[in-house]
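*Asks:* My numbering numbers the first residue of the first sequence as 8 and each following residue consecutively.
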Amino acid sequence: MALSTQPYKGARDFYPEDKRLQKYMFNTMRKVVERFGYEEYDAPILESLELYAAKSGEEIVNEQTYTFTDRGDRKVAIRPEMTPTVSRMVAAKRQELPYPLRWYSIPNLWRYERPQRGRLREHWQLNVDVFGLKGLEAEHELILVADAILQEFKAPRSTYEIKLNSRQLMDDIFKDYLKVDKQQAHDLAKLIDRMHKTDAKVFKETIQEITKSQPVYDSLIDLLHAKQVRDLPAELQKHDSLKELEKLHKLLQASGLTNTVFDITLMRGFDYYTDIVFEVFDTHPDNNRSMFGGGRYDGLVALFGVEPVPTVGFGMGDVTLQNFLETHKLLPEIASETDLYVVLVGDVYEQAQPALKELRAKGLNLAVDSTGRKTDKQIKAADKKGLQKVVFIGEQELADQKFTLKDLKTGQTESLTLEQLVNHL
RNA sequence: GCGGGUGUAGCUCAUCUGGUUAGAGCGCCGGGUUGUGGUUCCGGAGGUAGUGGGUUCGAUCCCCAUCACUCGCCCCA
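(1) Pick helix, strand or coil for T35, following the three-state DSSP scheme.
(2) Note down, in chain order, each residue of its chain lying with its Cβ closer than 7 Å to the Cβ of V135, except the 5 sequence neighbours on either side.
(3) For A84, count neighbouring C-beta atoms within 10 Å of its own C-beta (all shown protein chains included) and say buried if the count is 16 or more, exposed if not.
(4) Pull up the distance between the alpha-carbon of K364 and that of L140, whole angstroms please.
(5) Candidates I156, V398, D414, Y167: which alpha carbon is nearest T424's?
(6) My assumption, with CB atoms under 8 Å, is that G306 sits in contact with V284. Please give the rounded CB distance.
(7) Leaving out five residues on either side along the sequence, give the residues of the same chain with a beta carbon under 7 Å from the beta carbon of L412.
(8) Helix, strand or coil for M8, going by three-state DSSP, please let me know.
(9) Mind checking who H130 pairs with in its DSSP beta bridge?
(10) Taking the alpha helix (DSSP H) that T417 belongs to, which residues open and close that run?
(11) Taking the CB atoms as reference points, tell me whether N115 and I52 lie closer together than 8 Å.
(12) Kindly list the residues whose CB is nearer than 8 Å to the CB of S165, restricted to its own chain and excluding five residues on each side of it in sequence; keep chain order.
(13) If you count every other CB in all the chains shown that lies within 10 Å of the CB of D154, and 16 or more means buried, which is it?
(14) For W339 and P105, I'd like the C-alpha separation in whole angstroms.
(15) I'd like the list of long-range same chain contacts for Q475, defined as Cβ closer than 6 Å, with 5 residues on each side in sequence excluded.
(16) Contact check, K211 vs L337 under 8 Å by CB: the rounded distance?
(17) Using the DSSP secondary-structure output, state which residues sit across from R109 in a beta bridge.
(18) Taking the straight line between their C-alpha atoms, what separation do you get for A192 and K182?
(19) May I have the straight-line CA-CA distance separating Y224 from M36, to the nearest angstrom?
(20) Identify which residue in N34, S343, E333 has its Cα closest to the Cα of Y22.
(21) Could you check whether A241 and E129 sit closer than 8 Å to each other, using their CB atoms as the reference points?
(22) So R296 is in the beta strand (DSSP E); what residue range does that whole segment cover?
(23) Report buried or exposed for Q175, applying the criterion of at least 16 other Cβ atoms within 10 angstroms of its Cβ.
(24) How big is the Cα-Cα spacing for Q102 and F311?
(25) Mapping the DSSP letters down to three states, classify Q190 as helix, strand or coil.
(26) Between the alpha carbons of S226 and E88, how many angstroms are there, rounded?
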């Protein structure tokens, strides 16, 4: 039985052309978040299982986390998300860190689930967090960062929509406005979260079943029709979170983000969110899904026994981002890291070394064809690698110290000294 | 974890209700004479039909199992 060449289920091999694309995406993200003053951190892929048990939500720990017991009998998890880790890191140095803290990371994360479009078992996720800002300047900044990343990828604002809501608002609506109990609130939240995917009739019937009260049902249906903050009942207009949402919306509009909307059905899966949450949606019908999201989670750092630190963060997955860029045809051709393919003509491997050394010293990335095969084969190899520039080095060139540079795209050749060659590229 | 679909050459797919040596396009390799690719021409390699069972005189085709991929659900990025 031959060994399988397939990568592990739900995980990807990155061949050089795939890796080039990944590097392009990550470098673009890095460039943008660093422009906003965020600094990169990292951490181990393994964490103690307890880290996730506390606050991530039931499902992700019980069913979606890769776990094992190590030789020292410790329960270990492969990180399914980065937020608990970064909270742990901040808590560990709570007193000595300079706030506001702007941190980012691009970790690979593992979740045990059924792979499908936009969702694999291993993915990379840009995590951007700001620690130590109580005001909604934090939310504003992070949404600007998310938007700036998509702008850097040249995505028109019509291709995505930024949805805003508040977890606090929803909690208070359930508790004080609708006056339903905890279990009902939880069930309703889950249901509302998938309202757009549920059949309208089934949706309403399920609400009936959960609320068991006609007035509550009517009020809730009314709320769900709200398209903007102003549509909500006057009684709720006084709610702090709603005022904040309105302010945030104005701030974003003033920043040129014309594609932000209030969406009362936005819930977000993790239990640790405490107030404003947001998600960026792809508006394309073929890929209508949440690309990334985040929100405020003021309580997480305090779980480590230190004073709380107000925090806002978001995550952006590489798979969903790539789907988005592909769907909107925003992925450019990415050139190889190699600048120049060296065709050796005749038996000149040894004599060519000084010239090769000089070219490398001047910063060119060279791939030398040291096979000794015919020149046409060598050129074909360069072409197949997707390289555009080829230089010929043979007896003649070495004698004259003039080298023939060929552009495989235009077919033109030029005879150049090493100096000129370097300047040319 | 649950439900549906698919699985034939490296890739995309044929093989007409089970019937001789399973085909094509693209790709790949070699050649059109020795220092210039991409076009073109000629030639060639490559498949135990995902895997294992079963039904049948006979299975790529029907049945079962299993694995993989894929779509949806759950959940989420």
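Glycine is no exception: its CB is placed at the ideal position from the N, C-alpha and C atoms.
Note that the structure is predicted; figures quoted are calculated from it, not measured.
*Replies:* Judging by the given coordinates:
(1) helix
(2) V40, Y45, Y111, L149, V152, G320, F321
(3) So A84 ends up on the buried side.
(4) 52 Å
(5) V398
(6) With 8 Å as the limit, G306 and V284 do not qualify as a contact, their Cβ atoms being about 14 Å apart.
(7) K396, V398, T420, E421, L423, L428, H431
(8) For M8, the predicted structure reports a pLDDT of 49, less than 50, and the residue's modelled location is therefore unreliable. The matter cannot be settled from this model.
(9) Under DSSP, the beta-bridge partners assigned to H130 are L116.
(10) Premise fails: T417 is in no alpha helix (DSSP H) and is neither H nor E.
(11) Less than 8 Å separates the beta-carbon of N115 from that of I52.
(12) N266, T290
(13) D154 is buried by the Cβ-count criterion.
(14) Residue 339 is actually Pro in this sequence, not Trp. If you take the alpha carbons of P339 and P105, they lie about 39 Å apart.
(15) The structure shown does not extend to residue 475, since the chain is modelled only from 8 through 432, so no value can be given for it.
(16) About 39 Å separates the two Cβ atoms, so there is no contact after all.
(17) V137
(18) Near 8 Å, if we compare the C-alpha coordinates of K182 and A192.
(19) 44 Å
(20) S343
(21) no
(22) That residue, R296, is in no beta strand (DSSP E); it is neither H nor E in DSSP.
(23) buried
(24) 13 Å
(25) helix
(26) 36 Å
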